[in-house]
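Q: Below you will find the structure I want to go over with you.
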Amino acid sequence: MKAMKKIWISTVLVCYIFICSLFAAEKTGGTLIWGRGGDSVSLDPARTDDGESAKVNASIFEGLVRFQDTSTEVEPALAVSWETSQDGKVWTFHLREGVVFHDGTAFNADAVVFSFLRQIETDHPYYRKDFANASTFEYVKSVEAADEHTVKIFLEKFYAPFLYNLAEPTAAPIISPSALKKWGDEFEKHPAGTGPFRFEKWVPGDRIILTKNPDYWGKPPYLDGVVFKTLVHNKSRLLALTTAAIHGMDGLDFGMVKKIIQSKDLQTEIITGLNVGYLAMNTENAPFDQVKVRQAVNYAINKPNLVRLFYQDMAIPAKNPIPPVIWGYNDSIEDYEYNPEKAKQLLKEAGFEKGFETTLWAMPVARPYMPEPDKIARAVKANLAAVGINVQIVTHDWGTYLAGTSAGKHDMCLSGAVAGNGDPYNFLYVLLDKDNAVKPQAENIAFFKHERLHELLVKAQQITDKQERIRLYQKAQEIIHEYAPWVPLAHARQVIAHRQNVHGIVQHPTGFLRFDKAWME
109 MKAMKKIWIS TVLVCYIFIC SLFAAEKTGG TLIWGRGGDS VSLDPARTDD GESAKVNASI
169 FEGLVRFQDT STEVEPALAV SWETSQDGKV WTFHLREGVV FHDGTAFNAD AVVFSFLRQI
229 ETDHPYYRKD FANASTFEYV KSVEAADEHT VKIFLEKFYA PFLYNLAEPT AAPIISPSAL
289 KKWGDEFEKH PAGTGPFRFE KWVPGDRIIL TKNPDYWGKP PYLDGVVFKT LVHNKSRLLA
349 LTTAAIHGMD GLDFGMVKKI IQSKDLQTEI ITGLNVGYLA MNTENAPFDQ VKVRQAVNYA
409 INKPNLVRLF YQDMAIPAKN PIPPVIWGYN DSIEDYEYNP EKAKQLLKEA GFEKGFETTL
469 WAMPVARPYM PEPDKIARAV KANLAAVGIN VQIVTHDWGT YLAGTSAGKH DMCLSGAVAG
529 NGDPYNFLYV LLDKDNAVKP QAENIAFFKH ERLHELLVKA QQITDKQERI RLYQKAQEII
589 HEYAPWVPLA HARQVIAHRQ NVHGIVQHPT GFLRFDKAWM E
């Protein structure tokens with residue numbers, strides 16, 4: 109009996125210690141101050157097309173569905189379940205019950221209808237449409253409340269990416285109709301959603317204060333609040349982080365990362381984002397109308413070296429147009445290795461044994477997928493010169509550059525894309541289908557037109573079977589790899605930094621941050 113009693117006491121003690129450790133590991137309370145490079149433009153998500161506004165809105169508002177924390181798989185949010193009609197044109201969403209907006213009014217089907225129609229119907233009294241999220245409602249004919257907790261959305265045609273568009277952070281958020289009607293155009297300064305944090309105060313040019321939503325339908329945040337502090341210069345943000353004036357920051361230069369890693373007080377979190385940097389060859393211009401020439405360019409460029417030198421290893425070499433964090437990524441494709449001799453052989457077979465002269469447009473501004481475009485352009489020029497291709501680098505201001513490449517005025521150009529949507533459609537169809545190679549506003553700036561690829565990409569938008577969509581997209585990547593309209597260069601990593609006592613921030617591949625699980629020691 110004494111032995112049994114000792115075992116029982118030991119078991120109770122172990123359980124007690126374990127429970128105490130859980131509470132010690134997840135401390136509640138405190139306000140986290142997050143440093144960022146610019147102020148928000150608007151906190152009305154339908155009037156927002158900038159990242160800094162969307163960054164704050166993602167904590168205030170929610171949609172019917174959302175992406176999982178670390179992937180682009182869709183999970184329930186304000187809708188607990190959904191189904192589609194047999195023809196895929198009618199989507200029925202069953203809403204979460206008992207949810208309230210930050211202003212205390214009830215979330216229901218009417219609120220969903222109101223939030224969506226104000227971005228669809230031009231005669232809506234509160235009509236606003238965010239250009240960046242226009243594709244979300246592109247094929248929506250109507251939105252109806254079947255009952256208090258059921259919404260039906262009717263599409264003009266079946267559109268497989270629709271659910272992923274709805275899951276994109278801040279693309280289709282549900283707002284409080286009462287708050288919008290109360291504040292009108294001033295709603296952007298008094299936002300009310302259903303998210304884990306609610307709006308408290310905005311000091312323009314300085315900070316936006318959010319506080320914990322105690323009535324949140326999910327698990328309430330550990331933090332008492334989040335302050336988005338504007339510090340325009342990267343060095344100023346890093347100094348504030350180093351001195352604990354702020355607790356975390358984004359927008360780091362890759363050169364800062366090594367310094368932060370060496371600090372005992374700071375920590376970085378690095379993930380591969382939804383982006384790609386690439387070199388596009390204008391397939392309408394000779395000699396890039398020849399497959400062997402395009403393949404030769406792929407063999408001629410030393411991608412691992414570019415990543416090491418200009419991304420400071422804060423990227424991975426790209427072999428496909430879509431990043432590996434997106435479902436449907438074809439990992440079985442073998443990248444073109446760096447092989448100048450192979451490049452020369454292909455050029456000889458194409459009739460260019462002595463090489464040729466061409467131009468390379470280099471963007472004038474750094475982008476997340478292209479941190480040092482001028483240096484990358486010079487490195488590409490050197491790689492191509494080694495196989496006999498003599499390149500003249502061309503640079504224009506940003507507006508002229510975008511207009512010129514969209515109109516096909518280039519031979520080759522550096523470009524890239526960042527997607528907030530987890531569907532391969534956003535890279536493959538938008539950037540490489542013939543439908544989007546229309547001048548002067550082409551998004552397919554390689555002007556690559558391939559009938560079989562087009563058939564695959566259109567079919568992938570019109571079926572519901574995800575495994576079949578994966579098969580189609582993987583086949584599409586094989587065609588793109590073979591015909592080589594691009595040199596996919598790199599998928600840049602996303603980096604945030606914070607104090608060592610900060611835990612649980614979710615950095616999503618779409619670039620958004622989630623603070624609902626964050627806590628501070």
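Going by the working numbering, the sequence shown opens with residue 109, and the numbers climb by one from there.
Cβ coordinates follow ideal geometry from the N, Cα and C atoms, glycine included.
Around the Cβ of ASN498, are there at least 16 other Cβ atoms within 10 angstroms (buried) or fewer (exposed)?
A: By the neighbour-count rule (16 or more Cβ atoms within 10 Å), ASN498 is not buried but exposed.
Q: So, at 6 Å on beta carbons, what are the nonlocal neighbours of TRP291 in its own chain, with the 5 sequence-adjacent residues on each side left out?
A: Excluding sequence neighbours, TRP291 sits near HIS298.
Q: How far does the beta strand (DSSP E) with ALA388 in it extend, from its first residue to its last?
A: Here the beta strand (DSSP E) through ALA388 covers 383-389.
Q: For the 8 Å Cβ check, are there 3 or more pairs between the region 329-340 and the region 303-314?
A: Flag = yes, the region 329-340 and the region 303-314 touch.
Q: By how many angstroms is the C-alpha of GLY530 removed from the C-alpha of GLU246?
A: For GLU246 and GLY530, the distance between alpha carbons rounds to 17 Å.
Q: Name the DSSP beta bridge partners of GLN615, please?
A: GLN615 is bridged to LEU621.
Q: Pull up the CB-CB distance for PRO481 and ALA470, whole angstroms please, since I reckon it's below 8 Å.
A: Their Cβ separation, rounded to whole angstroms, is 5 Å, which keeps PRO481 and ALA470 in contact under 8 Å.
Q: Sort out for me which residues DSSP pairs GLU183 with in a bridge.
A: DSSP output for GLU183 lists ARG174 as bridge partner(s).
Q: Enumerate in chain order the residues of its own chain whose CB-to-CB distance from ALA300 is below 6 Å, with the five nearest sequence positions on each side excluded.
A: Contacts found: PHE209, HIS210, ASP211, SER284 and ALA287.
Q: For a test of the three-state rule: what should DSSP assign to MET364, helix, strand or coil?
A: The answer is helix: DSSP assigns MET364 an H, G or I state.
Q: Can you tell me which of LEU564, GLN375 and TYR272 puts its alpha carbon nearest to the alpha carbon of GLU183?
A: The residue with the shortest Cα to Cα distance from GLU183 is TYR272.
Q: By a C-beta neighbour count over all protein chains shown, 10 Å radius and 16 as the cutoff for buried, is TYR324 buried or exposed?
A: So TYR324 counts as buried.
Q: Report the residue ranges of all alpha helix (DSSP H) runs contained in full by the region 373-459; include only those spanning at least 4 residues, in chain order.
A: The region 373-459 contains these whole alpha helix (DSSP H) runs: 399-408, 411-418 and 448-457.
Q: Out of curiosity, what's the CA-to-CA distance linking ASN393 and ASN534?
A: Approximately 25 Å between the Cα atoms of the pair.
Q: If you run the structure through DSSP and keep just helix, strand and coil, what is PRO596?
A: PRO596 falls in the strand class under three-state DSSP.
Q: Among the residues of its own chain, which have a CB less than 6 Å from the CB of PHE262, if the five just before and after it don't count?
A: Excluding positions up to five away in sequence, the list reads VAL198, LYS249 and SER250.
Q: Which residue or residues does DSSP assign as beta-bridge partners of VAL502?
A: DSSP lists TRP469 as partners of VAL502.
Q: Quick check: what's the CA-CA separation for ASN544 versus ALA525?
A: Between ASN544 and ALA525, the C-alpha separation is close to 14 Å.
Q: Quick check on the burial criterion: 16 or more other C-beta atoms within 10 angstroms. Buried or exposed for LYS517?
A: It counts as buried.
Q: Where HIS341 and LEU140 are concerned, what is the direct C-alpha to C-alpha distance, given to the nearest angstrom?
A: Distance between the alpha carbons of HIS341 and LEU140: 20 Å.
Q: Taking the straight line between their C-alpha atoms, what separation do you get for ALA388 and LEU564?
A: ALA388 and LEU564: Cα-Cα distance of roughly 21 Å.
Q: Is the CB-CB distance between PRO617 and LEU382 below 8 Å?
A: Cβ distance < 8 Å, so PRO617 and LEU382 count as in contact.
Q: Per DSSP, what are the beta-bridge partners of GLY524 in this structure?
A: According to DSSP, which records beta bridges pairwise, GLY524 is partnered with GLY385.
Q: For the region 278-363, which segments carrying the alpha helix (DSSP H) assignment without a break, of at least 4 residues, lie completely within its bounds, in sequence order?
A: Whole alpha helix (DSSP H) segments, 4+ residues: 285-291 and 342-350.
Q: Report yes or no: is there a C-beta of chain E within less than 8 Å of the C-beta of GLU181?
A: The structure shown contains no chain E; it is built from a single protein chain.
Q: Which same chain residues end up closer than 6 Å to PHE131 when comparing Cβ atoms and leaving out the 5 residues on each side of it in sequence?
A: Reliability fails at PHE131, whose pLDDT of 46 lies under 50, so the model's placement of it is uncertain and no value is given.
Q: Within 8 Å, do at least three Cβ pairs link the region 266-280 to the region 162-182?
A: Touching, per the Cβ criterion.
Q: Output needed for ASP443: all residues of its chain with C-beta closer than 6 Å, excluding positions within five of it in sequence on either side, in chain order.
A: Closer than 6 Å at the Cβ level, and outside the excluded window around ASP443, lie LYS427.
Q: Would you identify the three-state DSSP class for ALA132, choosing helix, strand or coil?
A: Low local confidence applies: a pLDDT of 45 at ALA132 is under 50, so the model's placement there is unreliable, and no value is given.
Q: So, with DSSP's three-state summary, where would you put PHE239?
A: In this prediction, PHE239 has a pLDDT of 48, which is less than 50 and means its spatial position is unreliable; what the coordinates show is noted afterwards. The answer is helix: DSSP assigns PHE239 an H, G or I state.
Q: Expressed to the nearest angstrom, what Euclidean distance is found between the alpha-carbon atoms of VAL538 and THR351?
A: If I take the Cα positions, the gap works out to 44 Å.
Q: Roughly how many whole angstroms lie between the Cα atoms of LYS462 and ILE587?
A: Rounded to the nearest angstrom, the two C-alpha atoms are 29 Å apart.
Q: Can the beta-carbon of TYR477 be found closer than 8 Å to that of GLY385?
A: Yes, the pair counts as a contact, with Cβ atoms nearer than the cut-off.
Q: Use the C-beta contact count for TRP142: other C-beta atoms within 10 angstroms, 16 or more gives buried, fewer gives exposed.
A: So TRP142 ends up on the buried side.
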